[in-house]
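Numbering (the UniProt record's numbering), first residue to last: 1 to 585.
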């Protein structure tokens, strides 16, 4: 038994997990991590056992997007590969997850024993190598003296890089003793200070570009900036009076009620004002963006690099000139601190006139008769959402339709616009609801919009939601299948159909007690309008599950526009040297 001056490796690991604020650990138990799981509970952490590893990974992703970082446990081999899709999504979208992988003992591995959960060759590293492709850092705890340092390095790297890391924990290392005094030194979670000279040169180049720009704008995305740079981005917009446009992933970084907010830039799906303003800009300062087809809703655009400032962690490009090794929060703060009248751009932000909520409500509900459809649904939700909500939209009709929904202040928005894994959002919803419950503001609503096809991918996580008494509001869009795929190819083909489930009965199947949930079946505008004005539905403290029945031939206008581009691009690939140039005169 370890003495008072020592703790076990597992105790050390979970003490550090708790130190960074994580209160719930997701995962699936297995024989290679069971003993370590005892220390999860002893550390005062909540264990959320998911129905499978893929769903656990999605849940950890959702938890991290709200909380800032999360922890996940699986076994090596089968569990490692099962969760790999979710971890790849977290890597692509800059979501920090500490993935703890339970392996067989080092002694058995050294002897090359043929064990279960392996490829039958005695080598557990072959699958570990696959996992390492989507980990920003991977460490294996196989030396007692090095274990604390490796754990600390992995967790701090996870936070600073905002990407997943893996910590491999063999069974014979779980109870190995390490010095407890190491825990008295807090983890260094602060970004490494920028080199002063490099930061100043970069800031001067950006300020010089701003001085000469006549129509500058700020284009904000949600990648690798949600937790560490949100304040700086808003202050930058205010300091320079820049009109702010958000890409699909950037919603929630700046409130849509903020005076600097001018709209969502979504390629050809944008409104005319936004399209004209962004494409006529002579300087686009892009922060936190990935220039992917779905994030900017276009497959035909090309930004003019001579009229771009691209700010990312580690790399800043100012009109094609690259500056390396900078953390962006420090750079943004330097820009804010150096604000002077002489550096102000010539065109300052003027708030866009937007309908008041009362006017919007009148317009939305004016024609509230007939069957439910997308072009009515999504604008209508603008007046139902509440400040502080966390809104999750599944890949498909939901995360395109919601572009027509105006968010109130302090809304957190979650969707996958790069990895776009179908079924992601239900697992993420469970993780989000758990993170909110673990937070200092546990009363906030978690709201999910998911299609029936996507729901059928990961439906078991409804059971985990029930098990832990979580209370999200879940809207399932029932339209008999895969709408995005229908729009791209095979509109009437059976391979785009899904079985019509009795979704409202699933809560009983998954063991929910009567009185612990509410279910609704909505087919018309009148029914939804009444539901959205029902105080018991809006402010209840129980799980609410809603079927929204839509015609399978209906789809959001934005989705139709984008899929037309995708089809055209696939059939007529453009010359790689050509393309629409955004930011050109």
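Ideal Cβ placement from N, Cα and C applies to all residues, glycine included.
- Judged by pairs of C-beta atoms under 8 Å, the segment 29-39 does not touch the segment 402-417, as fewer than three such pairs exist.
- When 126, 240, 472, 336 are compared, the shortest CA-CA separation from residue 545 is found for 472.
- For residue 379, the enclosing alpha helix (DSSP H) begins and ends at 374-380.
- Assigned with DSSP and collapsed to three states, residue 282 falls in coil, not helix or strand.
- In the DSSP secondary-structure assignment, residue 74 is bridged to 101.
- By the CB criterion at 8 Å, residue 316 and residue 286 fall outside the cutoff.
- For residue 517, no alpha helix (DSSP H) segment is defined; the enclosing uninterrupted segment is the beta strand (DSSP E) at 517-522.
- Residue 145 has its alpha-carbon roughly 54 Å from the corresponding atom of residue 406.
- For residue 565, the uninterrupted alpha helix (DSSP H) run begins and ends at 557-571, by DSSP.
- Bridge partners of residue 245 according to DSSP: 219, 263.
- Put simply, the backbone Cα of residue 280 is about 10 Å away from that of residue 217.
- The three-state secondary structure of residue 200, taken from DSSP, is helix.
- Per DSSP, the beta bridge partners of residue 6 are 179.
- Contact check between the segment 476-485 and the segment 439-453: three or more CB pairs, one atom from each, fall below 8 Å, which counts as touching.
- Within the same chain, and ignoring the five residues on either side of residue 567 in sequence, the residues whose Cβ sits closer than 7 Å to its Cβ are 488.
- Around the CB of residue 171, 16 or more other CB atoms lie within 10 Å, so the residue is classed as buried.
- Membership of residue 477 in the beta strand (DSSP E) is indicated by the continuous run 473-478.
- For the pair residue 388 and residue 445, the Cα-to-Cα distance works out to about 7 Å.
- Taking the Cα of residue 323 as reference, the smallest distance to any Cα among 206, 187, 460, 476 is reached at 206.
- For residue 321, the uninterrupted beta strand (DSSP E) segment begins and ends at 321-324.
- Inter-residue distance for residue 17 and residue 331 is about 29 Å (C-alpha atoms, whole angstroms).
- Taking each of 249, 248, 223, 255 in turn and checking the Cα distance to residue 237, the smallest one comes out for 255.
- Secondary structure note for residue 547: it is in no alpha helix (DSSP H), and the uninterrupted beta strand (DSSP E) holding it is 543-549.
- Residue 426 counts as buried, since at least 16 other C-beta atoms from the protein chains shown sit within 10 angstroms of its C-beta.
- Between the segment 177-188 and the segment 6-25 there are three or more inter-stretch CB-CB distances shorter than 8 Å, so the stretches are counted as touching.
- As far as DSSP is concerned, residue 329 takes part in no beta bridge.
- Distance check between residue 119 and each of 106, 96, 80 places 80 closest, using alpha-carbon atoms only.
- In the three-state scheme derived from DSSP, where H, G and I count as helix and E and B as strand, residue 306 is classed as helix.
- In the structure shown, residue 451 falls within a strand segment according to DSSP collapsed to helix, strand and coil.
- Remark: C-beta atoms of residue 209 and residue 319 approach each other more closely than 8 Å.
- The three-state secondary structure of residue 393, taken from DSSP, is strand.
- For the alpha helix (DSSP H) assignment, the uninterrupted runs of no fewer than 4 residues enclosed by the segment 29-60 are, from N- to C-terminal side, 34-42.
- Distance check between residue 26 and each of 428, 501, 447 places 428 closest, using alpha-carbon atoms only.
- Contact annotation, residue 32 with residue 76: C-beta distance approximately 6 Å; criterion of less than 8 Å satisfied.
- For residue 27, the enclosing beta strand (DSSP E) stretches over residues 24-27.
- Note on the segment 73-152: whole alpha helix (DSSP H) runs with a minimum of 4 residues are 78-82, 84-92, 106-110, 125-132, in chain order.
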